[in-house]
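Input: a single structure, listed below in C-alpha cells.
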Amino acid sequence: MKPTALITGASGGIGYELAKLFAKSGYNLIVVARTEEKLLQLKTELEGHPVTIIPQDLSEPGAAEIVYDKVKELGLTVSVLVNNAGFGLNGYFDELPLLDQQKMLQVNVNALTELTHLFLPEIKAARFRSIPKGVLNVASTAAFQPGPKMSVYYASKAYVLSLSEALVEELKDTSVTISTLCPGATDTNFFKTAKAEHTKLVNSTMSSESVAKAGFLGFVKGKRVIIPGTANQSMAYLSKWLPRSVSAKFAHYIDS
Ligand SMILES: NC(=O)c1ccc[n+]([C@@H]2O[C@H](COP(=O)([O-])OP(=O)(O)OC[C@H]3O[C@@H](n4cnc5c(N)ncnc54)[C@H](OP(=O)(O)O)[C@@H]3O)[C@@H](O)[C@H]2O)c1
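Here the working numbering is used: the first residue of the sequence shown is 214, the next is one more, and so on.
Structure follows, in C-alpha cells:
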C-alpha cells in the first residue's frame, strides 16, 4: 500500500505545486478545493497517478467532517495532511464585512483545526518505513507580527503557527512530523482574492514552485518551521526583536 497525502487548496498556487511534489515522491493524493475543474486539471497533469478529488467549500461549517466522511466512504487512509487552503482580506477590520472575516476564520483556522483533529489518529497509526507522515500546515510570515489592514488574516496565521508548534511538543515521542510553512509574499491568486494587488506586498514575491519546494523538503526533513527565502527569514528574525508596536507599524505600511 502506498502512503496518501490529503492536500487542501490544491486547485492553484502553492497547494497545486505541493500536490505535484508529493505525487512525485510516491504519495497517492486526495485533493480538496472548491474549483473541481482545476483539481481535474491537476489530475490530468499527473497522468494516471492516483488522485482522488473532493470538491468542497471549507468555509462551510462542518466541511471538515464532510471531507473526512468522504475519505472513509472511499476506504482511504491518510498519512500526510497538508492544510494549505486559505485566503486573506485587505482592509480595515471595521470596514470589512464581518461575514467575510468569519468565512476566512472558518477556512484558515476552523477547517485546519478540525481536519487535523479528525486525521491525526490515523496519521499516528500509519506504518510506513522511511517515508514521512504528519501534518504540514501553511501559515505565513504574517504569523510573526500583528497586521493592520489584514488584522484577522495575520491573527489566523499566528494561530496556525502556535497550534502547530504546540503539537510538535505533544507529539515529540512519536514519528509524526508537524511542520509549519511560513511563506512571505508569493506570486499566486492570493493578492487578487485578498483585494491586495495595490499594496507593497506584491513588490517582491517568490514563485509558488520555490515556496512549495522549500515546504516539501522542510517537511521531509522534519523541520518544525519553514520560512522560504533569505529576505523572509531575515524579516522573521527581526520581528522577534522588534517591539510589536513597531512591527505593526511596518506591516501597516506594507499592507497599504
Ligand atoms: N501568496 C502569498 O503571498 C502567501 C503568503 C503567505 C501564506 N500564504 C498562504 O498560502 C496558502 C495558499 O495560498 P496561495 O498563495 O497558493 O493562494 P491561491 O492561489 O489563492 O490558492 C488558495 C487555495 O485555497 C483554496 N481555497 C480558498 N478558499 C477556499 C474555500 N473556501 N474552500 C476550499 N478551498 C479554498 C483555493 O481553491 P478554490 O478557490 O478552488 O476553492 C486555492 O486552491 C494560503 O493558506 C495562504 O494564506 C500565501
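Beta carbons: idealized from backbone N, C-alpha and C, even for Gly. The structure presented is a predicted model; accordingly, all values stated were derived computationally and were not measured.
Can the beta-carbon of residue i be found closer than 7 Å to that of residue j?
i, j, result
"Gly304", "Thr354", "no"
"Asn241", "Thr217", "yes"
"Ala449", "Pro361", "no"
"Thr418", "Thr399", "yes"
"Leu294", "Phe332", "yes"
"Phe300", "Thr401", "no"
"Gln269", "Val245", "yes"
"Leu259", "Ala236", "yes"
"Ser377", "Asn350", "yes"
"Val415", "Phe403", "no"
Whole angstroms are fine: how far does the CA of residue j sit from the CA of residue i?
i, j, result
"Gly431", "Ala425", "10 Å"
"Arg457", "Ala409", "23 Å"
"Ser469", "Phe463", "10 Å"
"Lys316", "Glu273", "8 Å"
"Ala352", "Ala379", "14 Å"
"Asp307", "Ile467", "19 Å"
"Leu234", "Lys453", "31 Å"
"Leu451", "Cys395", "15 Å"
Got a sec: does ligand 1 put a non-hydrogen atom nearer than 6 Å to the Cβ of residue i?
i, result
"Pro396", "yes"
"Ser353", "yes"
"Ser224", "yes"
"Thr406", "yes"
"Ile227", "yes"
"Asp270", "yes"
"Val470", "As displayed, the chain neither begins before 214 nor continues past 469, which places residue 470 out of reach and without an answer."
"Gly299", "yes"
"Ala246", "yes"
"Phe403", "yes"
"Thr393", "no"
Out of the options, which has the shortest C-alpha to C-alpha gap to residue i?
i, options, result
"Asn336", "Ile391, Phe300, Ser224, Glu382", "The amino acid at residue 336 is misidentified as Asn; the sequence shows Ile. Ranking Ile391, Phe300, Ser224, Glu382 by Cα distance to Ile336 puts Ile391 first."
"Leu287", "Val293, Thr265, Lys237", "Thr265"
"Thr393", "Tyr366, Gln254, Ser375, Gln358", "Ser375"
"Gly435", "Val381, Met363, Val244, Thr329", "Val381"
"Asn297", "Glu230, Phe404, Asp386", "Glu230"
"Ile440", "Phe357, Thr326, Tyr367", "Phe357"
"Val348", "Ser238, Lys215, Phe429", "Phe429"
At least three beta-carbon pairs within less than 8 Å, the region 438-447 to the region 280-287: Segments in contact, no.
Taking contact to mean 3 or more Cβ pairs, one atom from each stretch, closer than 8 Å, check whether the region 305-313 and the region 336-356 are in contact. No, because fewer than three Cβ pairs between the region 305-313 and the region 336-356 fall closer than 8 Å, the two stretches do not touch.
If we count Cβ pairs, one from each stretch, closer than 8 Å, do we get three or more for the region 249-267 versus the region 316-336? Between the region 249-267 and the region 316-336 there are fewer than three inter-stretch CB-CB distances shorter than 8 Å, so the stretches are not counted as touching.
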